[in-house]
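What follows is a short report on a single structure.
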Amino acid sequence: MPLADARTGLSLQLCGGLSLRDGERQRVPLPRKAAALLAYLAVEPGPHSRAHLATLLWADSDEAHAAMSLRQALSKLRDVCGEALRSDRTMVSLQREPFASACRCDVLQFLALHERQPREACETDVHRFLEDVTAEDAPEFLHWGDRTRARLVRLAQASLARAVQEATARRDYASALAAAERWLDIVPESVDAACQAIDAAVLLHDDARVHTLGDQALRRLAEEGRATDTEGDRIRNAMQRLRAVRWVTPVHGAVAVPAAGTAKVQVDPPRSLLASLCERDVPWTTLGAAFDDVTQSGRASGVTLEGRLGAGRTRLLQDVAAMCAMRGATVIAAASPPHAPVMPYGAAAALIQQMVDLAALGGVHETHLQTLRTLVPALEERFPALRRSAMALPPSDATFSIRLQEALAQALFAICEDTVAVVALDDAMWYDRESANVLQAVAMRTTEAPILWLLTGADDLGQERNNPAWADFARSSRRVELAPLSIEGVERMLVELSRVPSGWRAVAECIHHGSHGVPGYVQASLQLMQQRWGAISTEWQTHSLAAPCIAPLAARAQQHVESLDDVARTVLLSLALDMEQGHPVPLAEWRARPAVSLDRLSHLHGISRLRAGVLGQRLVELGLAMEQDGGFRCASPVLVEYLRQSGSPLVRDELRRVLAMTHPEAVGT
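Here it is, written out as structure tokens:
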């Protein structure tokens with residue numbers, strides 16, 4: 001019956017046994033050679049000559065009998081494939097789109113998914129492609145099957161290697177281990193797969209699994225006579241990491257092993273509270289697609305990661321940078337510590353410092369190296385000839401900014417000669433104005449180079465009023481906003497960290513209530529609870545959790561709040577009381593509430609509007625407030641919960657009274 005008729009849901013299985021089944025999972029009878037012909041036409045695109053097909057499957061027959069057998073086989077297939085099968089006197093082809101839409105083929109599904117969804121694609125047993133086909137009278141068809149099977153296995157290996165890398169970059173070591181073990185299922189003799197699986201088991205602290213994987217790999221190598229070769233040493237070295245202090249490097253996401261002397265000491269590190277990325281699938285996909293676009297097009301692209309304090313911008317940036325590095329990119333990361341004294345060109349100097357040891361820097365002209373040396377004298381150690389050259393003009397020179405732009409652009413061009421470059425700029429809103437202007441100009445100058453620019457910042461990073469230096473960049477880049485976690489997301493974190501699959505709902509609700517789902521505050525809450533109750537276990541589920549977990553935020557905000565003078569602290573308290581609620585509200589509703597205007601702040605505290613603006617800007621710089629609509633508001637609902645319980649009750653009551661008089665509907669009951 002043709003595909004277009006009532007028979008729907010046809011399934012063509014080529015891996016693990018050749019069969020064609022209908023929508024009710026009943027086998028559709030096909031002669032052996034007709035089924036083999038269907039497999040060939042489904043996998044190999046394009047038209048094929050009748051002579052080629054006849055030789056492929058009926059090589060032992062004369063030309064006339066082979067042609068007749070082909071006609072009979074095509075007649076059988078036409079009953080199944082309908083109009084998807086096209087043929088004339090000389091050519092035969094199977095139209096892939098109509099065939100794939102009406103018939104599910106495991107190999108075609110693998111080929112469609114192996115780049116975009118590598119882990120899901122590799123559920124197909126491609127290493128068992130046509131394993132049960134016996135066609136001794138068609139040696140050419142058997143050779144084609146062997147070649148195709150080898151090609152599919154290579155694609156599966158590449159896909160699973162990528163899945164392992166991406167999972168490791170996200171610190172999702174359980175998924176990395178599952179992908180590596182699937183890799184071993186497909187290619188049991190792969191040493192790369194064994195090492196990846198052992199590394200993931202090490203990071204999961206699953207010592208028994210490490211030894212099982214290592215022993216199995218060494219046994220296979222011994223059977224092949226390779227146990228003492230370099231490959232055997234790789235397996236043993238991977239297993240030896242259990243005897244070393246283990247931690248995860250912030251950029252490369254790989255196991256860091258200390259000096260050999262340390263490796264002799266058994267160390268049992270505490271269980272980390274760093275879970276895998278949670279509820280960040282959309283941002284991760286967007287960032288991965290941006291990297292793929294840069295790799296394929298050879299042109300620059302930019303992405304801004306925006307979110308409020310504690311939203312996990314830095315964590316996501318590090319994980320994406322690790323993923324890009326594992327896929328062969330050169331990652332150049334620069335961070336500007338918040339609240340540090342701002343130094344002109346400080347952020348640019350931090351970026352140059354990351355380039356000092358790159359081999360590609362040797363291809364940059366001496367004039368540009370001299371300009372870079374002005375900010376990073378360490379370049380003299382890498383290029384001693386710079387000491388004999390005249391010092392470039394100082395940063396105070398009027399032309400220095402232009403010369404620095406060109407020098408950085410040339411350095412990036414040199415790096416991109418060999419690899420894709422990823423420039424990761426964390427907390428860009430804290431960068432000094434000079435660095436921000438230079439880096440944005442460099443981004444515009446290098447649009448024709450394969451560079452992925454990643455910026456993180458507050459959720460107003462692209463607003464020209466607040467960040468004029470980054471406004472143009474934000475308008476021309478993709479914007480990724482990081483939302484808070486849901487209660488289910490917090491619950492999944494607890495399940496992953498505790499390895500206890502149930503019973504965490506009440507704990508998750510408590511943590512979410514106190515943190516409003518902000519990942520940084522969730523993490524701080526877990527740290528505080530771990531200090532009180534020990535490692536995460538089922539005992540946590542027995543403790544009283546009535547009060548919101550706002551103490552972690554207090555620990556983070558305390559140093560900034562205490563650094564304020566009395567007037568600034570009172571201004572901050574008034575911003576918090578203006579936003580207070582008697583119960584948690586959705587983040588979107590909280591954001592929609594109006595800010596406190598300069599006029600109200602001036603009236604409340606008996607200061608000028610200018611003084612109120614200066615104090616408000618100081619709070620913004622400390623991450624305690626946000627500027628909005630010509631006024632200021634508290635930076636976080638969790639910060640409101642903390643501040644509304646601090647200070648003198650008399651002062652709080654008086655502030656509430658005056659706030660109610662000036663704007664009654666903005667104050668909670």
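Residue numbers (full-length UniProt numbering): 1 to 669. The beta-carbon is built from N, C-alpha and C at its ideal position, and this holds for glycine as well.
My output table needs one value for residue i: the three-state DSSP class, helix, strand or coil.
i	result
GLN13	strand
SER301	strand
ILE536	coil
GLU491	helix
ASP185	helix
GLN95	coil
GLU223	helix
ALA524	helix
ASP215	helix
ARG373	helix
VAL364	coil
ARG609	helix
ASP88	coil
ASP432	coil
LEU351	helix
ARG479	strand
ASP653	helix
ASP426	strand
SER515	helix
ALA275	coil
SER648	coil
HIS603	helix
residue 672	What the structure shows of the chain is the stretch from 1 to 669, and residue 672 is not part of that stretch, so it cannot be assessed.
MET579	helix
GLU115	coil
Excluding the five sequence neighbours on either side, which residues of its own chain have a C-beta within less than 7 Å of the C-beta of residue i, listed in chain order?
i	result
ARG182	CYS122 and LEU160
SER602	SER608, ARG609 and ALA612
ASP132	GLY17 and LEU18
ARG313	LEU305, GLY307, THR456 and LEU482
ALA290	SER301, VAL303, LEU452 and ARG478
PRO649	none
LYS76	LEU30, PRO31 and ALA34
Among residues of its own chain, excluding the 5 on either side of residue i, which ones have a beta-carbon nearer than 6 Å to its beta-carbon?
i	result
VAL658	LEU604
THR330	ILE415, THR419 and ALA421
ALA424	LEU317, ALA321, ALA333 and LEU454
PRO118	SER159, ARG162 and ALA163
ASP629	ALA595
ALA348	SER435 and VAL438
ALA409	VAL442, ARG445 and THR446
GLN523	none
ARG170	SER276, LEU277 and ASP319
VAL640	ALA576, MET579, GLU580 and CYS634
GLY346	ASP432
SER11	ARG21 and ARG104
Name the one or two DSSP bridge partners that residue i has.
i	result
GLY457	GLU306
ALA325	In DSSP, ALA325 forms no bridge with anything.
MET68	DSSP, once it has assigned bridges, lists no residue as partnering MET68.
CYS105	LEU12
PHE632	VAL596 and GLU627
THR330	ALA421
ILE451	ALA421
Got a sec? Which residues, its chain only, sit under 8 Å from residue i by beta carbon, not counting five neighbours each side?
i	result
LEU369	LEU361, LEU379, PHE383, LEU386 and ALA407
LEU14	ALA39, ALA42, VAL43, CYS105, ASP106, VAL107, PHE129 and LEU130
LEU655	THR570, LEU573, SER574, LEU577 and LEU604
GLN617	GLU627
GLY328	THR419 and VAL420
GLU562	none
GLU539	TRP533
GLN440	ALA469, TRP470, ASP472 and PHE473
ILE235	VAL191, ALA194, CYS195, ILE198, GLY214, ALA217, LEU218 and LEU221
THR55	ALA66 and GLU140
Using 8 Å as the Cβ pair cut-off and three pairs as the minimum, do the segment 300 to 319 and the segment 146 to 162 touch?
Touching, no, given that fewer than three Cβ pairs across the two stretches are closer than 8 Å.
Does the segment 278 to 289 come within contact of the segment 526 to 539, defined as at least 3 CB pairs closer than 8 Å?
No: the two stretches stay apart, fewer than three of their Cβ pairs being nearer than 8 Å.
At 4 residues or longer, and completely inside the segment 19 to 50: list those alpha helix (DSSP H) runs for me, N to C.
Every alpha helix (DSSP H) stretch that sits fully inside the segment 19 to 50 and reaches 4 residues is listed by chain position as 32 to 43.
At least 3 beta-carbon pairs within less than 8 Å: the segment 482 to 490 vs the segment 508 to 521
At 8 Å Cβ cutoff, the stretches touch.
Which ranges does the beta strand (DSSP E) cover as unbroken runs of at least 3 residues, wholly within the segment 122 to 209, from first to last along the chain?
The qualifying runs do not exist here; there are none.
Counting Cβ pairs closer than 8 Å, one from the segment 170 to 180 and one from the segment 138 to 145, do we hit at least three?
Taking 8 Å as the limit for Cβ pairs, the verdict is that the segment 138 to 145 does not touch the segment 170 to 180.
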